[in-house]
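All remarks here apply to the structure that follows.
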Amino acid sequence: MIEIKNLDVVFGPQPERALPLLDAKQGREEIRKDTGLVVGVNNANLTINRGEICVLMGLSGSGKSSLLRCINGLNDTTRGSINIDHDGGIVDFANADVNIKREICMKRISMVFQKFALMPWLTVAQNVAMPLELQGIDKKEIKQRVDVQLDLVGLKKWAKLKPSELSGGMQQRVGLARALVTESDILLMDEPFSALDPLIRTQLQDELIQLQEKLQKTIVFVSHDLDEALKLGTNIAIMKDGIIVQQGKPEDILLNPENDYVRQFVAHTNPIHVLKAKSIMRPISDMEFTDRGYCLSKRHDYWLSKDQQQVYYRGDEFSPQLWQTGQDIVKLSAAPTCVASDTAMHDVMEIRYHTDHSVFIMKDLDEDLDDDEKNHRDEKIQGVIGDKELYHTLLGKMMLND
Amino acid sequence: MEQFKLPLGNYTEKFVDWLVDNGASFFDAISESLEWIIALFTDALLWLNPIAFIVLVVAIALYFRRSIGLAVYAVVALLLIWNLGYWVETMQTLALVLYATLFCMLIGLPIGIYAAHHPIFYKILQPILDLMQTVPTFVYLIPTLTLFGLGVVPGLISTIIFAIAAPVRLTYLGISEVPEDILEAGKSFGATKRQILFRIELPAAATSIAAGVTQCIMLSLSMVVIAALVGADGLGKPVVRALNTVDIASGFEAGLAIVLLAILLDRLFKAGQEK
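Laid out in structure tokens, this is it:
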């Protein structure tokens, strides 16, 4: 776990001079004019738990890298604390003794760099071995651990080549293997995939997600690409001018952008892989309730019966079918479909397209149900997604009733 | 104007006199020990049979340089030198040049590293290096002569003063051009300053430092004739003698031997051609 508290980073000689100005809520530009100092990060608060990928997102100069580099001391923290659990206690890395910092850097924190930062005169295997050699570990053990890592990132065949003989994607795999070989549990990634072409980038993102499922590290990932942030992040912190302007789960950021800056980012992203059915549905409580049941659409004569068992569409009667993630969508018949609330928007769209009917979202149920309750699952519908909801989400508009 | 002449020359002379008066034993000790190690090395080179020496050079050319062309050149050049009758002088010059290069690297490498880590120090150092390369050699030959006496040592010292700027500059250049991101990679793994120097900076600067070695050898060779003026043995001596007696024949032969040796050393030590 990493807990960043009230962290300020100021660049320049005697950076402490900027702190009173920061406290007086002076802006970045004013401080630069008055003192010549550059504020990198201003009062950042962030907690990253084990197994999470926290993405720091922002444009260049927003302070995301400055914040990341404080965590392993590549940048000095001007004020504030970075608490890391270490040796059974909590260590404030920002204000720790040099030797403790070095020990934490060696054994607890690894970093992956944007430009790979591999040693060009060493082979792939020697590059991966380097952090272990710096620790003075026994040669036999180094060889064994390097082999394991190279195997993990699929580089075994290339172990004896120089980095310059590999493609960019391969080089970054070496960078990743080098970061993983120390078995440190904190992984700092400074725009690691930005220098790669789009296909390789997607591939490495997928590999990172798979690795993370297996290894459960604490990852801090810097990116300027919201799509990447949404794909990888369990948590996203959006930064502007050194300030964290919004942090939250990917869905929160997409659905509730806090200001225009975030909204601009969100407007240019594709939400269908991120959003879940529940967050884009129209809740059943919003619908008109009449003798015929819940009115989905008057214009299309579309109704859900009072007991939520039947759907009426232009005089025809349907019994909703059940779909679960992983099932073959093509096999669904042309009838309304019930799905779980955490179904991906992407799947909902496909079902809507294939069945030609709205998709019904079931209430969240506890896992341990008995069979009888399971049979009555379809009674508990909490909302519906039709074309209107899908289009509105894609266009980023607020939901309105007919 | 001239009646107020500043006594700069007199001061310098007084300073050198003071050094001679007070440090005579110190400078004598340096002089004697340097002379002894150079003589020892020269004797070792001369103790080798010329054939054995040629075989050794060919082996180095083949093993380290993987170059058959260089091996052939080494055989032809060394046989020609032997045939012309300059074998002993060539070995003496080789000893002088290798020692000058060794001392230049021993002193220049740490200075270059320190300068790369301390930009202000390099700013002070730069004019001094310029001075050492531009002041006519004869000017500092005079004080070195009075301090160390006639022989190979003042030649060696003058050579070092003249040649040391190259390795200092190239070491500085190599170290200060190490990409920031690989230094940061080292720091991020918790490397100590020492580990960063030996495991990242020096290997990354190796090409540049090796270029410094080659340049140092070439500059030292260009000092051979001047070293001969103060009594250093080697290929410079026949050149000086030929100059005094206007002997075109032996002047050409000794000059040719210097050139052949220079090309051989340059090709043997040139960096970045391992493939």
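Chains as they are written, first to last, in our numbering: chain S, 1 to 402; chain X, 1001 to 1275.
Glycine residues also receive a C-beta, built at the ideal position from the N, C-alpha and C atoms.
Computed from a prediction, not measured in an experiment: that's the story for all the values here.
According to DSSP, residues forming a beta bridge with residue i
| i | result |
| --- | --- |
| Met345(S) | Answer is none; Met345(S) lacks a bridge partner. |
| Val311(S) | Leu304(S) and Phe318(S) |
| Asp190(S) | Val222(S) |
| Glu288(S) | Cys295(S) |
| Ala237(S) | Leu56(S) and Gln247(S) |
| Leu46(S) | Ile4(S) |
| Val85(S) | As written in the sequence, residue 85(S) is Asp, which differs from the Val given in the question. Asp85(S) pairs with Ile90(S). |
| Gly409(S) | Any property of residue 409(S) remains undetermined from this structure, which presents chain S solely from 1 to 402. |
| Thr337(S) | Gln321(S) and Val359(S) |
| Met111(S) | Leu188(S) |
| Phe11(S) | Val38(S) |
| Lys276(S) | Ala344(S) |
| Arg79(S) | Asp8(S) |
Rounded separation between residue i and residue j - CA only
| i | j | result |
| --- | --- | --- |
| Asp1247(X) | Met119(S) | 56 Å |
| Gly1069(X) | Val1239(X) | 29 Å |
| Arg50(S) | Arg178(S) | 20 Å |
| Gln1215(X) | Leu19(S) | 51 Å |
| Arg217(S) | Met1(S) | Contrary to the premise, residue 217(S) reads as Lys rather than Arg in this sequence. In a straight line, the C-alpha of Lys217(S) is about 10 Å away from that of Met1(S). |
| Ile1258(X) | Ile1120(X) | 40 Å |
| Ile1182(X) | Ala117(S) | 5 Å |
| Met111(S) | Ala1039(X) | 54 Å |
| Thr393(S) | Arg263(S) | 13 Å |
| Asp378(S) | Asp307(S) | Residue placement at Asp378(S) cannot be trusted, given a pLDDT of 46 that sits under 50; the coordinates are not used to answer. |
| Val311(S) | Tyr302(S) | 7 Å |
| Glu258(S) | Gly40(S) | 22 Å |
| Leu1145(X) | Gly1108(X) | 23 Å |
| Leu74(S) | Arg28(S) | 22 Å |
| Pro192(S) | Gln171(S) | 11 Å |
| Leu1046(X) | Phe1053(X) | 9 Å |
| Glu1002(X) | Ile1263(X) | 49 Å |
| Pro15(S) | Leu46(S) | 22 Å |
| Pro198(S) | Lys380(S) | 42 Å |
| Gln364(S) | Ile109(S) | Here residue 364(S) turns out to be Asp, not Gln, going by the sequence shown. Cα to Cα, Asp364(S) sits roughly 38 Å from Ile109(S). |
| Gly1151(X) | Val1020(X) | 17 Å |
| Arg17(S) | Val10(S) | 9 Å |
| Leu275(S) | Gly1112(X) | 58 Å |
| Asp185(S) | Asp206(S) | 20 Å |
| Lys139(S) | Leu1197(X) | 21 Å |
Residues near residue i by beta carbon distance below 7 Å, same chain, minus five either side
| i | result |
| --- | --- |
| Leu68(S) | Leu56, Leu188, Asp190, Val220 and Val222 |
| Asn401(S) | Residue confidence for Asn401(S) is low, a pLDDT of 39 falling below 50, so the modelled location carries little weight; the figure read from the coordinates is stated next. Here the set comprises Asp286. |
| Pro13(S) | none |
| Leu1235(X) | Tyr1086, Glu1089, Thr1090, Thr1093, Val1224, Ala1254, Ala1257 and Ile1258 |
| Phe1103(X) | Ile1160 |
Residues near residue i by beta carbon distance below 8 Å, same chain, minus five either side
| i | result |
| --- | --- |
| Gly58(S) | Lys64, His224, Ile238, Met239 and Lys240 |
| Asn127(S) | Leu118, Met119, Pro163, Val174 and Arg178 |
| Tyr1122(X) | Ala1115, Ala1116 and Tyr1172 |
| Ser1250(X) | Pro1238, Arg1241 and Ala1242 |
| Met1132(X) | Ile1161, Phe1162, Ile1164 and Ala1165 |
| Ile1030(X) | Phe1148 and Val1153 |
| Ile1081(X) | Trp1087, Thr1090, Ala1257, Leu1260 and Leu1261 |
| Asn43(S) | Asn6, Leu7, Asp8, Leu22, Gly80 and Ile243 |
| Val91(S) | Asn83, Ile84, Asp85, Ile100 and Ile104 |
Contacts around residue i, its chain only, beta-carbon distance under 6 Å, and the 5 residues preceding and following it disregarded
| i | result |
| --- | --- |
| Glu1253(X) | Leu1084 |
| Ser305(S) | Gly293 |
| Ala1204(X) | Val1178 |
| Leu1125(X) | Ala1115 |
| Glu317(S) | Gln310 |
Exercise. Touching or not, the segment 1109-1121 of chain X and the segment 1159-1176 of chain X, by the rule of three or more beta carbon pairs under 8 Å?
Worked result: Touching, per the Cβ criterion.
Exercise. Just by C-beta distance, which residues in the segment 1190-1208 of chain X are closer than 8 Å to chain S?
Worked result: So the list reads Gly1190, Ala1191, Thr1192, Gln1195, Arg1199, Ile1200, Pro1203, Ala1204 and Ala1206, given in the order they occur along the chain.
Exercise. Listed from N- to C-terminal order along the chain, which residues in the segment 103-124 of chain S have their beta-carbon within a distance smaller than 9 Å of any beta-carbon of chain X?
Worked result: Answer in chain order: Glu103, Ile104, Cys105, Met106, Lys107, Ile109, Ser110, Met111, Phe113, Gln114, Lys115, Phe116, Ala117, Leu118, Met119, Pro120, Trp121 and Leu122.
For this session: Please confirm if the segment 335-348 of chain S is in contact with the segment 271-280 of chain S, defined as three or more CB-CB distances below 8 Å between the two stretches.
Result: These segments touch.
Exercise. Listed in chain order, which residues of the segment 1093-1105 of chain X have Cβ atoms closer than 9 Å to some Cβ of chain S?
Worked result: Considering only beta carbons, no part of the segment 1093-1105 of chain X lies closer than 9 Å to chain S.
Exercise. Between the segment 1154-1188 of chain X and chain S, which residues of the former have CB atoms less than 7 Å from a CB of the latter, in chain order?
Worked result: Cβ contacts with chain S: Asp1181, Ile1182, Glu1184, Ala1185, Lys1187 and Ser1188.
Exercise. Should the segment 35-51 of chain S be regarded as contacting the segment 92-106 of chain S, the criterion being three or more beta carbon pairs within less than 8 Å?
Worked result: With the cut-off at 8 Å, the segment 35-51 of chain S and the segment 92-106 of chain S do not touch.
Exercise. Does the segment 1165-1173 of chain X come within contact of the segment 85-96 of chain S, defined as at least 3 CB pairs closer than 8 Å?
Worked result: In this structure the segment 1165-1173 of chain X does not touch the segment 85-96 of chain S; the number of beta carbon pairs closer than 8 Å is below three.
For this session: Name, going along the chain, the residues of the segment 71-92 of chain S whose beta-carbon falls closer than 7 Å to a beta-carbon of chain X.
Result: Along the segment 71-92 of chain S, the positions whose C-beta sits under 7 Å from a C-beta of chain X are Asn72 and Leu74, read in chain order.
For this session: Would you be able to state if there are at least three C-beta pairs under 8 Å between the segment 1182-1193 of chain X and the segment 128-138 of chain S?
Result: The segment 128-138 of chain S is in contact with the segment 1182-1193 of chain X.
Exercise. Between the segment 1089-1096 of chain X and the segment 1029-1048 of chain X, are three or more C-beta pairs nearer than 8 Å?
Worked result: Flag = yes, the segment 1089-1096 of chain X and the segment 1029-1048 of chain X touch.
For this session: Name, going along the chain, the residues of the segment 251-274 of chain S whose beta-carbon falls closer than 7 Å to a beta-carbon of chain X.
Result: Per Cβ criterion, the list is empty.
For this session: With 9 Å as the limit, tell me which residues of the segment 134-166 of chain S have their beta carbon closer than that to any beta carbon of chain X; keep them in chain order.
Result: Correct list: Leu134 and Gln135.
Problem set entry | Interface positions of the segment 185-216 of chain S facing chain X (Cβ-Cβ less than 8 Å), listed along the chain | Those would be Leu188, in chain order.
For this session: Scan the segment 1-27 of chain S for residues whose Cβ lies nearer than 7 Å to a Cβ of chain X and list them as they occur along the chain.
Result: Listed by position, the residues of the segment 1-27 of chain S near chain X (Cβ gap below 7 Å) amount to none.
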